[in-house]
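Step one of this worksheet: look at the structure below.
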Amino acid sequence: MNVFYRLIQKIIFICIALVSVHAIALTESGVVIKNQAGATYIDSADIQRSTTSNMVETIVQSVSGVSLIDPQSKRVAPDGVVTFNHLLTNVGNDTDTFKLSYAFASSAIIESVLIYPDVDNDGVKDAGSTPIATDTVLQAMAPDEVYSFILEVDMSNSASDGDVVTVDITAESQNNVVDGITVVSGGSSTATNQDTITVSLLPIINATKNMSEDLGDSPSVAPFTVSLVYENIGVSDMPVSSDIAAVQANPTLSSHYNIILEDVLPAGMSFADDKVRWTIDGTEIEFVVNDGTSNLSVHGSYAGFFEYTSGGQGIKAQIIGLVSAKKAKIDFDAVIDSNILAQTLFNQATLEYMSDPASPSDPMLEEQTNKVPYDVLAQYSVVANAGGCDGSGANCNAQDDSAIDTVRVDSASQGERVSFTNFIWNHGNDEDIFNITIESGNTFPAGTTFFLYKSDGVTPLLDTDNDDKPDTGPIPGKNDTCKSYQVEGSTSETGIKACGVKVVLVATLPASVTSGSDFQVVKKATSSSDTSKFNLVTDELGSIVGNTVDITNDEPLKNAENPSSACEDTSSNCGVGQGPEASPVRTVSVIPGNVAKFDLYVTNTSNVADSYTLSFSDAVTGADPNTFVAGSLPNGWGVTFKDGADGSVITSIPVLGPQKSTYVIAEVSVPEDATSPLSVFFKAISPTSGATDMKHDRVGLTFDGSSCLSIDTGTEGRMFSGGHITYKHRITNLSYEEKTDISLTASNSPSGLASVMLFEDTNSNGELDENDVQIVAPIASLAAQADYIFFSRVQLNSGIAEGLKVSTTIEAQAACGSASIVDLTYVTDTIMNIIKEQALDSNCDGTEEGAFTLNTFDVQPNECIIYRLMSTNIGIKDAHNVRFKDEVPLYTKHRIIGSLPSISNGTPITISEGHQGDIIIDANSVATGESVVLLFAVQVDD
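Have a look at this one:
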């Protein structure tokens, strides 16, 4: 008969914290490791330049690998069947096939051993399946793919209580040739589990686990069912406690129970609700949850008692009794949580049961059920935006927010390289690579060129997945750990972060376009894993401003490059602004037959480098620049332009950097028969951009000898920090009468960098020596047409950075007028060339195996590559402030091995063991014809 007992039910919600560990997979076979370096330097025109090396490539070879889990121990009755579930995983980096085999010591107690597939991962052989022969090659398995199978051992009826036997199950890689590539057995090509079987006449509980679905999204669309099936396959019953009253009085006391099933769900999977179902022999036992009671069932002469506790991470069921050959099942619902990375979650329950009912105080036996995989499906999504970061570059915004969908640069000069920094965020739950493309239909002027760079704006954006499109490289999924060289941004979900990278688009504007506004180009970031997923970001340039140039007298235009200049605006009376001026800015008077010298400064007032042609004319009507006639002068007059630095004759300025100035001397030769002053217009015009300016000066004539001093041309020299240099000069009295009280003054620009003293040539030997007296008072007198030799000694202060320019202005002043010259210290740089080579270092000892090469070669995971970066100064002047920027390629990490890294000249800024990202080297100065060699090693990920 059926008897029902009341048993108080207690539901306890428990939270069990677990960590889900990703298997660390080998770098995938066939991956091409690409590396390209970049460098910045300052050239001889003080213009910052960038250059890139050639690209080198290395191909990751195939490596086999196999994992087999888990070895187990189980009981079996004589003439019974025992099964063991195993999971085979391809942990190599390429598709492979495998064979299964088994072995056991010769034993009369084993009738047969068979292997069956377990495709549905329920811990039992698939219905209707045939055994897998040991010489059968299993179907090809991709890297990280899992294959579930059952090892079934049939025991002889001659087996005796207490007999023990082991069976070894082995999985072996077949080292296939896949897609023409031979799989290298550099990993573990075999794996073996040993299962132990003990013959017993006692109750034997066997438990398996299955799920109603084995894959799904995060979060789950609907709950799925987790089932724990347990049965008594022994020849003895697992008895029920005879003290029913004691069980009813204290249902949570574990000593009452002789079967315990605990299923702790993996992180990312949660218990859905309290709808736990208990089924015995196909009959479901109804539970009335939270009313303090539960119905219990009696089967034959043995009652089965069930009590459970549940929580967010699973369930624990405590059971009393199970008759031999009876089967029961526990069902509950589970879900996949939100924001779980795409991965395989493995779930395995623990079974404990009384080893011998006659000795209830003995420790309980513990076994594991089969391990059930659940694939969290990859969901791909991308956001491209302006970053929305704070001033420090942190606290970035990874959301698809219209407020940060556009990157705007307000204005740029014609021909300028305009940089737009975009952020590409991975909003999917799996690592992904995003191709970066430029949409058609951009509104930038025709002739604009676009180029994509990594976050440094120097290193080109490469194609890391070999689909012929530049991409971001792998970016971890949402809420995963970002790489050190990546950025982290907030999403619309509280506490959930996204990883991203910066991508720089450089638009080089055509030099011929001088105006226009509201230019736009759209960049598209597309998932390589799901090309239907993309996002757009707009780069916008407010306006293009035409290049400009300014010619001034005596001093360069005051700006950031010339902060100490007094030539600041129109009130400075030096010719600031676009000319020509209606009246002469500067008048230099000479006696006919002599030369009038004008000190001119040409300043590039644009944001891009430019070049200029120099010309002159006396034919400009009404200050109208359109009436300028180049080269027009009266007969006998002439103009020669000279480089203010070295006195060489010039007709143009080849290159002048943004906001830079150059000193030009305009010498106007006056014929002896000249009878009237002459207005002279000096013009600088760029043949590239059309930028132009005109300067209006005047040559005055002196006929009565009452005026005119002259000082010979200013000179150029090189000075070193803490050292001094001496310039020799000559004052000439151009008049025909003696001049008295001629004062000499000298000053340096910028101030505070140097001191200057003037000396007379006391002993008339033409050289500054200890006998020459410092000039501290005016020259008493200078005869008509006579010369006066003096020296200017410039002493640099200590600690001045190389590359600065010091201008020393010397002025002679008399009653008849004045004359001045400028001595200039001028430092130039050069052109750097980079060659990138690589060599294999298979054992990672810091020594290359064979010559360095530009060619591609193969490398296996865990092997090393040594890169050699050689940068040579192929120009004619020394290079300064040379900085190299390279990068540890994707799929590798930096290694400090042997003598590496090494640099022939310089200091590494970022280059630590295991580093990923930029490698920066400051090489300081490189003399003409000399080279700097950087060697560093990377190891291919395992």
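In the working numbering, the protein residues as written are 10 to 951. All C-beta atoms in this analysis are idealised placements derived from N, C-alpha and C, irrespective of residue type, glycine included. All values derive from a computational prediction rather than experimental measurement.
Checklist entry - Can you tell which of T701, A795, Q783 has its C-alpha closest to the C-alpha of R739? => result Mapped onto the sequence shown, residue 739 falls at position 730. The residue with the shortest Cα to Cα distance from R739 is A795.
Next on the checklist: Just verifying my parser: in three-state terms, what is the DSSP assignment at T636?
Outcome noted: As a working note, residue 636 is residue 627 in the sequence shown. T636 falls in the helix class under three-state DSSP.
Checklist entry - If we call anything under 8 Å between Cβ atoms a contact, is D170 one with S209? => result Here the question's residue 170 lines up with position 161 in the sequence shown. Here the question's residue 209 lines up with position 200 in the sequence shown. Yes, Cβ-Cβ distance for D170 and S209 is below 8 Å.
Checklist entry - Do three or more CB pairs link the stretch 158 to 170 to the stretch 271 to 280 at distances below 8 Å? => result no
Item to check | Collapsed DSSP secondary structure at T302 in the structure displayed | outcome: Here residue 302 is taken as the residue at index 293 of the sequence shown, counted from 1. Confidence is the limiting factor: at T302 the pLDDT is only 35, short of 50, which leaves the residue's position unreliable, though a coordinate-based value still follows. In this structure, T302 counts as coil in the three-state DSSP scheme.
Next on the checklist: Can you check which of these residues, K218, D79, L609, is closest to A200 by C-alpha distance?
Outcome noted: As a position in the sequence shown, residue 200 is number 191, starting the count at 1. Per the Cα distances, D79.
Item to check | Counted within 10 angstroms of its Cβ, other Cβ atoms place D781 as buried (16 or more) or exposed | outcome: Position 772 of the sequence shown, counting from 1, holds the residue named residue 781. Answer is buried; the Cβ neighbour count reaches 16.
Checklist entry - Applying the criterion that 16 or more other CB atoms from any shown protein chain within 10 Å of the CB defines a buried residue, is A312 buried or exposed? => result Walking along the sequence shown from the start, residue 312 turns up at place 303. Unreliable positioning characterises A312 in this predicted model, as indicated by a pLDDT of 36, which lies under 50. A coordinate reading is not provided.
Checklist entry - Is the beta carbon of I929 less than 8 Å from the beta carbon of R904? => result On the sequence shown, position 920 is the one that residue 929 refers to. On the sequence shown, position 895 is the one that residue 904 refers to. Contact: no.
Checklist entry - DSSP beta-bridge partners for L566? => result What you label residue 566 is simply residue 557 of the sequence shown in a count that begins at 1. DSSP lists C576 as partners of L566.
Checklist entry - N890: which of Q822, E896, G915 sits nearest, CA to CA? => result The residue you call residue 890 lines up with position 881 of the sequence shown. Closest by alpha carbon: G915.
Item to check | Neighbourhood of Y462 by C-beta, 7 Å cutoff - its chain only, sequence neighbours within 5 removed | outcome: Working through the sequence shown from its first residue, we reach residue 462 at position 453. Here the set comprises T468, P469, L470, V513, V515.
Item to check | Cβ distance (whole Å) where N215 is taken to contact E240 below 8 Å | outcome: As a first step, residue 215 must be located in the sequence shown, where it is residue number 206. As a first step, residue 240 must be located in the sequence shown, where it is residue number 231. Contact holds; Cβ gap of about 6 Å.
Item to check | Residue span of the beta strand (DSSP E) that contains P663, given as start and end | outcome: As a first step, residue 663 must be located in the sequence shown, where it is residue number 654. 661 to 665 is the extent of the beta strand (DSSP E) around P663.
Item to check | From P680, N882, F625, residue whose alpha carbon lies closest to that of N644 | outcome: Residue numbering aside, residue 644 sits at position 635 when the sequence shown is read from its first letter. Here the closest residue by C-alpha is P680.
Checklist entry - Rounded to a whole number of angstroms, what is the C-alpha to C-alpha distance between G301 and T490? => result By one-based count along the sequence shown, residue 301 stands at place 292. By one-based count along the sequence shown, residue 490 stands at place 481. Since pLDDT at G301 reaches only 32, below the 50 mark, its modelled position is unreliable, and the value read off the structure follows with that caveat. Distance between the alpha carbons of G301 and T490: 46 Å.
Item to check | Burial state of P212 (16 or more Cβ within 10 Å) | outcome: Here residue 212 refers to the residue found at position 203 when the sequence shown is read from its first residue. P212 comes out buried.
Checklist entry - Taking the C-alpha atoms as reference points, what is the distance between V128 and T143? => result Stepping through the sequence shown from its first residue, residue 128 is reached at position 119. Stepping through the sequence shown from its first residue, residue 143 is reached at position 134. Those two C-alpha atoms are separated by around 18 Å.
Next on the checklist: What would DSSP say about S428, mapped onto helix, strand or coil?
Outcome noted: By one-based count along the sequence shown, residue 428 stands at place 419. DSSP places S428 in strand when its eight states are reduced to three.
Next on the checklist: With the cut-off set at 8 Å, would you say L899 and K845 are in Cβ contact?
Outcome noted: Your numbering for residue 899 matches position 890 in the sequence shown. Your numbering for residue 845 matches position 836 in the sequence shown. No; because the gap between Cβ atoms is not below 8 Å, this pair is not in contact.
Item to check | Simplified DSSP assignment, three categories, for S880 | outcome: Translated into the one-based positions of the sequence shown, residue 880 becomes position 871. Here S880 sits in strand by DSSP.
Checklist entry - Just checking my contact of D486 with G498 at CB under 8 Å: how many whole Å lie between their CB atoms? => result Here residue 486 refers to the residue found at position 477 when the sequence shown is read from its first residue. Here residue 498 refers to the residue found at position 489 when the sequence shown is read from its first residue. Residue identity check: residue 486 is Gly in the sequence provided, not Asp. About 14 Å; that fails the 8 Å criterion.
Checklist entry - In whole angstroms, what separates the C-alpha of A821 from that of N603? => result By 1-based counting over the sequence shown, the position of residue 821 is 812. By 1-based counting over the sequence shown, the position of residue 603 is 594. Cα-Cα distance, rounded: 18 Å.
Item to check | Every unbroken beta strand (DSSP E) inside the stretch 86 to 131 [3 residues or more] | outcome: 90 to 99, 107 to 113, 119 to 126
Checklist entry - If you compare alpha carbons, which of E564, D384, E375 is closest to G346? => result Within the sequence shown, the letter at position 337 stands for residue 346. Per the sequence shown, residue 346 should be read as Asp rather than Gly. If we check each option's Cα against that of D346, D384 comes out closest.
Next on the checklist: Does R417 pass the burial test, meaning 16 or more other C-beta atoms within 10 Å, or should it be called exposed?
Outcome noted: Taking the first residue of the sequence shown as position 1, residue 417 is located at position 408. R417 is exposed by the Cβ-count criterion.
Item to check | Supposed contact pair V75 and S157 - C-beta distance, whole angstroms, cut 8 Å | outcome: Taking the sequence shown and counting its residues from 1, one reaches residue 157 at position 148. Taking the sequence shown and counting its residues from 1, one reaches residue 75 at position 66. Actually they are not in contact, since the Cβ atoms of S157 and V75 sit about 15 Å apart, beyond 8 Å.
Next on the checklist: I'd like to know whether the C-beta atoms of V673 and F650 end up nearer to each other than 8 Å.
Outcome noted: Within the sequence shown, residue 673 is the residue found at index 664, counting from 1. Within the sequence shown, residue 650 is the residue found at index 641, counting from 1. Contact flag set, yes.
Item to check | Beta-carbon separation (whole angstroms), N348 vs S227, contact threshold 8 Å | outcome: For the purposes of this step, residue 348 is taken as the residue at position 339 of the sequence shown. For the purposes of this step, residue 227 is taken as the residue at position 218 of the sequence shown. Rounded, the Cβ-Cβ distance is 7 Å, consistent with contact.
Checklist entry - Mind checking V658: buried by the 16 CB within 10 Å criterion, or exposed? => result Counting from one through the sequence shown, the residue named residue 658 turns up at place 649. Result: exposed.
Checklist entry - What's the C-alpha gap between L944 and N842? => result As a working mapping, residue 944 is identified with position 935 in the sequence shown. As a working mapping, residue 842 is identified with position 833 in the sequence shown. Spanning the two alpha carbons is a distance of roughly 16 Å.
Next on the checklist: Quick check: what's the CA-CA separation for D931 versus S501?
Outcome noted: For this step, residue 931 is matched to residue 922 along the sequence shown. For this step, residue 501 is matched to residue 492 along the sequence shown. One C-alpha to the other measures close to 41 Å.
Item to check | Terminal residues of the beta strand (DSSP E) in which F233 lies | outcome: Locating residue 233 in the sequence shown gives position 224, where the first residue counts as 1. Segment 233 to 241, the beta strand (DSSP E) holding F233.
Checklist entry - Based on the DSSP output, what are the partners of H453 in its beta bridges? => result Translated into the one-based positions of the sequence shown, residue 453 becomes position 444. Before going further, note that residue 453 is Phe rather than His in the sequence given. BP columns for F453 are empty, so no partner.
Checklist entry - So what does Y156 bridge to, in DSSP terms? => result Taking the sequence shown and counting its residues from 1, the one referred to as residue 156 is at position 147. According to DSSP, Y156 bridges with L97.
Checklist entry - For V599, which residues of its own chain have a beta-carbon under 8 Å away from its beta-carbon, when the five flanking residues on both sides are left out? => result Stepping through the sequence shown from its first residue, residue 599 is reached at position 590. Closer than 8 Å at Cβ, skipping near neighbours: A605, V679, V708, G709, L710, T711, C717, S719, L743.
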